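Only one structure is covered here, and it is reproduced in the block below.
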Amino acid sequence: MREWESNVRKVVPYVPGEQPKDQRAIKLNTNENPYPPSPMVEEALRELAAEPMRRYPDSAAQQLVDAIAKEQGVKPEQIFVGVGSDDVLALAFLTFFNSGKPILFPDITYSFYDVWADLFRIPYECPPLNDRFEIVKEDYYRENGGVIFPNPNAPTGVLMPLAEVEAIIAHNRKVIVIVDEAYIDFGGSSAVSLLEKYDNLLVVQTFSKSRSMAGMRIGYAVGNADLIRCLNDVKYSFNSYSMNQTAITLGTAAALDHTYFEKTRQKIIATRERTKKEMAALGFRFADSQANFLFVTHESAQAGELLEALKEAGIYVRYFKRPRIENYLRITIGTDEEMDELLAFLRKYLKR
Ligand code: PMP
């Protein structure tokens, strides 16, 4: 071993979903939105010029913060923005999970949480979901260094009722509870409504899914002004200019177009509900997802093999080789036409 090697921070990195080079691929593997961003984003993009790029962006991203605050019905001091919610979540781990006690998150959940915990050397414990893939709230009523879970959960799509989310927050007043709401716009009520009651709550959302802007990398946290100040102190100790000016400008345009947001999210919800019926008719089993994906299994199809067969046909879905879910596939809800192609393939595949 070379001498410097013992001082390298070793990590097992998160593996993002594949971005196929073939533009004709049907991409149902990374929970992107099949519809383009708001036309207001397109318009704002046309008005962008190169000259202002010689300057640093506004480090507070105030325009964007104000637009999100307006949409969420909170004060601008309650919003923290970052480079996708991954950036916001990573900074939140670094900022709030420092007690040395294990933080808690479910055994089946977003597979970045254990990576950040390992990276920052935060101990963690993972209470198992029950057999219906639900979070058991009582498992979180014990001494811990903080709590994080997605709602709806990923990759299961299962939504926890807001009353249960509140019960977990109420039982954990001594630590920060982060509710990762990457998929909340596709079903369910946001925990933002609980912020007035609980100063230990941080809600994290993203422009990547319901706002169709995964490529722009915009995420945000909503919390009380003290928590947001703590996050900003850490951000300014790391990278003051995390948000680039283009993301700030285009994100602001997206945040202000509430009508378009409503229209596209309703379209995805309608396609999801129709897809559920057709998948059930084909014999797939899945929890009643409230997200923009279904997490499915089939008695007579092995998930790994189906994944490869789908890929061969140009249809990309996501597979996690992890305990309890190795026979499941996560399928993003695309357009109606994309789902029809998927269903046609599955019909043929199951008849083999
Ligand atoms: N949280 C969850 C539960 C997710 O599935 C994702 C998407 N991979 C993210 C956060 C991060 O999304 P982004 O960084 O694009 O906002």
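Read in this note's numbering, the sequence shown has 220 at position 164, and its numbers run on one by one without any break.
Every residue, glycine too, gets a C-beta built ideally from N, C-alpha and C.
Keep in mind it's a predicted model, so treat the numbers as computed, not measured.
Only counting the same chain, and skipping five residues up and downstream in sequence, which positions put a Cβ closer than 7 Å to that of Ser-298? Result list for Ser-298: Gly-138, Val-139, Asp-143, Lys-291, in chain order.
To the nearest angstrom, report how far apart Arg-198 and Leu-362 are at their CA atoms. Going by the C-alpha atoms only, they are around 40 Å apart.
For Gln-119, which option in Ala-357, Gly-370, Glu-107, Ile-135 has the closest C-alpha, if you only look at C-alpha atoms? Just measuring C-alpha positions, the residue of Ala-357, Gly-370, Glu-107, Ile-135 sitting nearest Gln-119 is Ile-135.
Under a three-way DSSP split, which group does Gln-358 fall into? The answer is coil: DSSP assigns Gln-358 none of H, G, I, E or B.
Apart from the five residues just before and just after Asp-174, which ones in its own chain have a Cβ nearer than 8 Å to its Cβ? Only Val-67, Val-68 meet the Cβ criterion.
Should Ala-173 be counted as a contact of the ligand PMP given a C-beta to heavy atom distance under 7 Å? For the ligand PMP, not one heavy atom lies less than 7 Å from the Cβ of Ala-173.
Could you tell me the distance, in whole angstroms, from the CA atom of Val-231 to the CA atom of Gly-243? About 27 Å.
Pull up the distance between the alpha-carbon of Pro-113 and that of Ile-304, whole angstroms please. Taking the straight line joining both Cα atoms gives about 8 Å.
Asp-289 in three-state terms, based on DSSP: If DSSP states are grouped into helix, strand and coil, Asp-289 belongs with the helices.
So, with DSSP's three-state summary, where would you put Gly-140? Here DSSP, grouped into helix, strand and coil, assigns Gly-140 to helix.
For Arg-374 and Leu-385, which I take to be in contact (beta-carbon distance under 8 Å), what is that distance rounded to the nearest angstrom? About 7 Å separates the two Cβ atoms, so the contact holds.
Output the boundary residues of the alpha helix (DSSP H) element that contains Ala-309. From DSSP, the alpha helix (DSSP H) with Ala-309 extends over 301-312.
Let me know the secondary structure DSSP gives Ile-204 once reduced to three states. In this structure, Ile-204 counts as strand in the three-state DSSP scheme.
Please classify Val-171: does DSSP put it in a helix, a strand, or coil? Residue state, collapsed to three classes: helix.
For Gly-202, which of Ala-219, Gly-213, His-354, Asn-228 has the nearest alpha-carbon? The alpha carbon of Gly-202 has as its nearest neighbour, out of Ala-219, Gly-213, His-354, Asn-228, the alpha carbon of Asn-228.
Which term fits Trp-172, buried or exposed, when burial requires 16 or more other beta carbons within 10 angstroms of its beta carbon? Buried is the call here.
Are there any heavy atoms of the ligand PMP lying less than 7 Å away from the beta-carbon of Ser-264, as far as the coordinates show? Correct: Ser-264 has its Cβ closer than 7 Å to the ligand PMP.
Residue ranges of each beta strand (DSSP E) within the region 189-260, 3 or longer: Runs of the beta strand (DSSP E) lying entirely within the region 189-260, each at least 3 residues long, are 203-206, 233-236 in chain order.
Could you tell me which of Asn-383, Val-278, Lys-332 sits nearest to Asn-348, measuring between CA atoms? The alpha carbon of Asn-348 has as its nearest neighbour, out of Asn-383, Val-278, Lys-332, the alpha carbon of Lys-332.
Sequence-distant residues of the same chain with beta carbon closer than 6 Å to Met-216, five excluded per side: Sequence-distant Cβ neighbours of Met-216 in its own chain, meaning closer than 6 Å and more than five residues away, are Ile-191, Asn-207.
Just to confirm my understanding: we take Val-221, look at its own chain, exclude 5 residues before and 5 after, and list those with CB closer than 8 Å. What are they? Closer than 8 Å at the Cβ level, and outside the excluded window around Val-221, lie Asn-207, Val-235, Ala-247, Leu-250.
C-alpha gap between Ala-223 and Lys-323, whole angstroms: So the two alpha carbons sit approximately 32 Å from each other.
Could you check whether the Cβ of Met-216 sits closer than 8 Å to any Cβ belonging to chain C? Reference to chain C is not applicable here, since this structure consists of a single protein chain.
So what does DSSP say about Phe-176, is it helix, strand or coil? In the structure shown, Phe-176 adopts coil according to DSSP, grouped into three states.
Phe-340 (DSSP reduced to helix, strand or coil): Three-state result, Phe-340: strand.
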